[in-house]
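All letters in the sequence shown, in the order written, are residues 1424 to 1604 by my numbering.
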Amino acid sequence: MKTVVKLLEKELGLKIHPEKRKIVDNLVEPFVFLGYVFKIGYYHSSSDKAVGKFKKRIKEVTKRNQTVNLEEFVKHRLNPIIRGWGRYFGIGFSKKLFQNLDSWIRRRLRMIQLRSWRIIRKLHRELRKRNWEGELPLLVMTRWKNSKTQHVHFAIPNERFREIKLVFLLDIYDELHPQRR
C-alpha cells in the first residue's frame, strides 16, 4: 500500500483519500471503484450511487411542469446526458438496468408531452389519428400515474421516440456488446 500511495502521490501528483483506500480481494468481497461495483469474481456493474446520480440528473432536466418541443428537447438537453452515461457504464453487465432506465426515461418524456398538450382533447386527437378503438379516456394531464396508462402508450408509442432520435441506453449496450445480443 505504501508503495502504491508513494507512486500515485509523489510521482503522479494525485491525492489519495486516507479513508477510501484499501486493498480488497474481489474473490471474497465486492468493492466500488470509479462508479462501478466489482462483485465476486469478474462481474461488474454501475453502483447504486451512480444510478441514483443519473436518475437525479434526468429528473432535473425532465421536470414535469415544462412545455417544450420534445424533439428539440431530446436532441439538445437529454441525449448528451444519456449518451455520456451510457457509454461510460455500458461496458459493465448492465443490460437489465439499461432496459429499466430506458423505460423510465420514456415515461418521463410521455409526462412532459402530456403536460405540453395541457388539455385532454389533444390526447384524444392523437388517439384518433392512430386509430384507437375504444372509449376515449378522461385523464388528468399533469398526473405522473397517467403517463403509464395504455392510452398514453398508444398515443405516444416507443417508435415515436425513435423518430425524434432519442438515444436508447439499450442500443448503446448492444453496440458495445454485439456478442451478448
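C-beta atoms are modelled at their ideal positions from N, C-alpha and C, and glycine is treated no differently.
Quick check: the Cα distance between residue i and residue j, rounded to an integer number of angstroms?
i: threonine 1490; j: serine 1469; result: 32 Å
i: leucine 1435; j: lysine 1425; result: 14 Å
i: methionine 1534; j: tryptophan 1567; result: 7 Å
i: isoleucine 1481; j: arginine 1529; result: 11 Å
i: leucine 1550; j: arginine 1500; result: 28 Å
i: glutamine 1536; j: leucine 1493; result: 7 Å
i: phenylalanine 1454; j: serine 1570; result: 37 Å
i: tyrosine 1596; j: leucine 1450; result: 26 Å
i: phenylalanine 1461; j: leucine 1430; result: 24 Å
i: alanine 1578; j: lysine 1472; result: 34 Å
i: asparagine 1488; j: phenylalanine 1496; result: 14 Å
i: threonine 1439; j: glycine 1509; result: The displayed chain sequence assigns isoleucine, not threonine, to residue 1439. Rounded to whole angstroms, isoleucine 1439 to glycine 1509 spans 27 Å at the Cα level.
i: lysine 1478; j: proline 1560; result: 30 Å
i: tyrosine 1465; j: valine 1447; result: 13 Å
Put residue i into one of helix, strand or coil per three-state DSSP.
i: serine 1517; result: coil
i: tyrosine 1459; result: strand
i: histidine 1467; result: strand
i: phenylalanine 1591; result: coil
Using 8 Å for Cβ pairs, my map puts residue i next to residue j. What's the rounded Cβ distance?
i: asparagine 1502; j: leucine 1589; result: 7 Å
i: leucine 1378; j: phenylalanine 1584; result: Here the chain covers residues 1424 to 1604 and nothing more, so residue 1378 does not appear.
i: leucine 1599; j: isoleucine 1514; result: 6 Å
i: valine 1474; j: leucine 1520; result: 7 Å
Going by CA-CA distance only, name the one from the options that's closest to residue i.
i: arginine 1444; options: Val1428, Ile1504 and His1600; result: Val1428
i: histidine 1467; options: Glu1494, Tyr1511 and Gln1602; result: Tyr1511
i: methionine 1564; options: His1440, Arg1538 and Leu1431; result: Arg1538
i: histidine 1574; options: Glu1586, Glu1582, Ile1587 and Gly1557; result: Gly1557
i: isoleucine 1542; options: Phe1591, Leu1562 and Trp1508; result: Leu1562
i: proline 1601; options: Lys1518, Glu1586, Glu1452 and Asn1554; result: Lys1518
i: arginine 1603; options: Val1474, Glu1432, Phe1516 and Glu1452; result: Phe1516
i: isoleucine 1587; options: Lys1498, Pro1441, Glu1432 and Lys1433; result: Lys1498
Open item on the list: Quick check for students: name the residue ranges of the beta strand (DSSP E) that lie wholly in the region 1512–1574, counting only runs of 3 or more.
Closed with: Counting whole runs of 3 or more residues, the region 1512–1574 contains no beta strand (DSSP E) stretch at all.
Open item on the list: Report the start-end ranges of each alpha helix (DSSP H) in the region 1425–1455 that is 4 residues or longer and not cut off at the edges.
Closed with: 1425–1429
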